[in-house]
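Heads up: the sequence shown begins at 1207 in my numbering, then just goes up one per residue. Ideal placement from N, C-alpha and C gives every residue a C-beta, glycine not left out. To start, the structure under review is shown below, and the notes come after it.
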Amino acid sequence: MAFRDGPFENLKVPLVWTAAVVVVVSIVAAGLLLVSDRKAVDGGSSYGAVRGAADTVTGPVSGILAAPVRWVGAVTDYVGGYFFAVSENRKLKAELAELQPWRDQAIALKNVNARYEALLGLRTEPPVPMITARAISDARGPFNRAKLLDVGTRRGVRIGNPVINEHGLVGRVTGATGGVSRMVLLTDVASRTPVLVDRTDARALLTGDGSDNPRLEFVRGAGSVQPGDRILSSGDGGGLPRGIPIGVAAKGIDGSWRVKLFSDRGAVDYVRVLLFQDFGQLVDPNALNAPPLAGLGTAPEPSLEQAAAIADVAARRQAAARAQAERTRQAQASQAATAGSSVQRGPAPRAAPDQSTPETPPGGPSPAPGGAA
């Protein structure tokens, strides 16, 4: 039976009023839901279970519905990137060209800092004061191998000071002014350096001849040098500290022994000048001439327990010394009494001669008794 055929067929329901009632009821229901959405005793919401179920149901559906939107966005980005690739490429090339000089400067500064750290970490045994310098000019020729350094006598540099870098010995100072000094390299023809072979302790003379590998001369001992032996400064003559690395030995084309310098491993631009004159500056002469116990301080005051122990040991030693003296005195008195009693009794009688063996005088046999011949 249709609605209009029922008892309510003559009932008229205005549409506007119906919509108004529905809106009012919805507003009231929403307000009630908001007011009633209070926290439970355990901190949860009164509609937590209902909301959780709704989220469980609508989550996958929302993901499925959002997938086309994501696809459309990805396609849009791809198309936009394709059409704007040329402009992006030009922009990246401009940025790369701008950053290239900074990259080169960063690499150069990194290398310089590494060399500074290596130079600052150099230590000699015994310690020798040293200063850092930079080579400001280079003079190279068939007979000349020298550099100018930006330090001089105002910084304590003197003629004869050895110069090293982070790898080993470089040369020696041969001239100095107030702010500049001249360093002759080991490869210069005027360079003569006393060295030793680390493996055999054999002495030799390192002579520069203008080539990159100076020559070993006057090597002491047959077979004392082998290829690969480390060459160090010997310190002979007092011009250089002992033990500064110089290089490794190698056989030259001409058959002579030569040295591959450690200092050739890098550029000789940052160096350290050892302010070394002789071995006398490394030790205080007064310290050598001081009494053996001059460096010892006074002992601290003993505690009460230590003082009592010291006094007890001293008392025991005194008692033992007195007892020993008393025993010595008693022994001496006993010996004196024994000697006195022996003197009072007189000398001991002589033993009678043996009658069985008559004594023969030195002049011959004695006459028989009774005048018998």
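Can you give me the Cβ contacts of Trp1223 inside the same chain, cut-off strictly under 6 Å, excluding the 5 residues immediately before and after it? Around Trp1223: no qualifying Cβ.
CA-to-CA distance, Thr1399 to Gly1445, given in whole angstroms: Their backbone Cα atoms lie some 9 Å apart in a straight line.
Counting Cβ pairs, one atom from each stretch, are 3 or more of them under 8 Å apart for the region 1406 to 1417 and the region 1390 to 1398? Touching, per the Cβ criterion.
Between the C-alpha atoms of Met1336 and Pro1433, what's the straight-line distance to the nearest angstrom? For Met1336 and Pro1433, the gap between their C-alpha atoms comes out near 32 Å.
In three-state DSSP terms, what is Pro1266? Helix.
So, helix, strand or coil for Leu1480, using DSSP? Three-state DSSP puts Leu1480 in a strand.
Go to Glu1423, then tell me how far its beta strand (DSSP E) extends in each direction, as first and last residue. Under the DSSP assignment, Glu1423 falls in the beta strand (DSSP E) whose first and last residues are Arg1421 to Glu1423.
If you draw a straight line from the C-alpha of Ile1233 to the C-alpha of Leu1221, how long is it? Answer to the nearest angstrom: the Cα atoms are 19 Å apart.
Between the Cα of Phe1482 and those of Ile1452, Arg1378 and Val1386, spot the shortest distance and give me the residue it belongs to. With distances taken between CA atoms, Phe1482 lies nearest to Arg1378 out of Ile1452, Arg1378 and Val1386.
Beta-carbon separation of Ala1339 and Ala1345 under 7 Å? The Cβ atoms of Ala1339 and Ala1345 do not sit closer than 7 Å to each other.
Where Gly1384 falls: helix, strand or coil (DSSP): Reduced to three states, the DSSP call for Gly1384 is coil.
Using a Cβ-Cβ cutoff of less than 7 Å, which residues in the same chain neighbour Lys1466 once the five nearest sequence positions on both sides are dropped? For Lys1466, where only same-chain residues beyond five positions count, the Cβ hits under 7 Å are Asn1419, Gly1453, Val1454 and Ala1456.
For Val1386 versus Gly1429, is the C-beta distance shorter than 7 Å? No; because the gap between Cβ atoms is not below 7 Å, this pair is not in contact.
Grouping DSSP H, G and I as helix and E and B as strand, with all else coil, what is Arg1426? The three-state secondary structure of Arg1426, taken from DSSP, is coil.
Hey, would you say Ile1370 sits closer than 7 Å to Ala1382, going by beta carbons? Going by C-beta atoms, Ile1370 is not nearer than 7 Å to Ala1382.
Buried or exposed for Ile1450, going by 16 or more other Cβ atoms inside 10 Å? Burial call: buried.
Starting from the C-beta of Leu1402, find all residues in its chain whose C-beta is less than 6 Å away, skip the five residues before and the five after it, and write them out in chain order. Correct list, in chain order: Arg1409, Leu1438 and Ser1440.
Euclidean distance between Cα positions of Ala1517 and Thr1534: Answer to the nearest angstrom: the Cα atoms are 26 Å apart.
Taking the straight line between their C-alpha atoms, what separation do you get for Tyr1284 and Ala1273? Answer to the nearest angstrom: the Cα atoms are 17 Å apart.
Could you check the C-alpha separation between Leu1392 and Pro1333 for me, to the nearest Å? Rounded to the nearest angstrom, the two C-alpha atoms are 23 Å apart.
Mind checking whether Val1474 and Val1363 have CB atoms under 7 Å apart? In this structure, Val1363 does not lie closer than 7 Å to Val1474 by Cβ.
Bridge-paired residues (DSSP) for Lys1316: None; Lys1316 has no bridge partner.
Close-in-space but distant-in-sequence residues of the same chain around Arg1405 (CB under 8 Å, 5 per side omitted): The answer, listed in chain order, is Gln1432, Asp1435 and Arg1436.
Which word fits Pro1506, buried or exposed, when buried means at least 16 other C-beta atoms lie within 10 angstroms of its C-beta? With fewer than 16 Cβ atoms within 10 Å of its Cβ, Pro1506 is classed as exposed.
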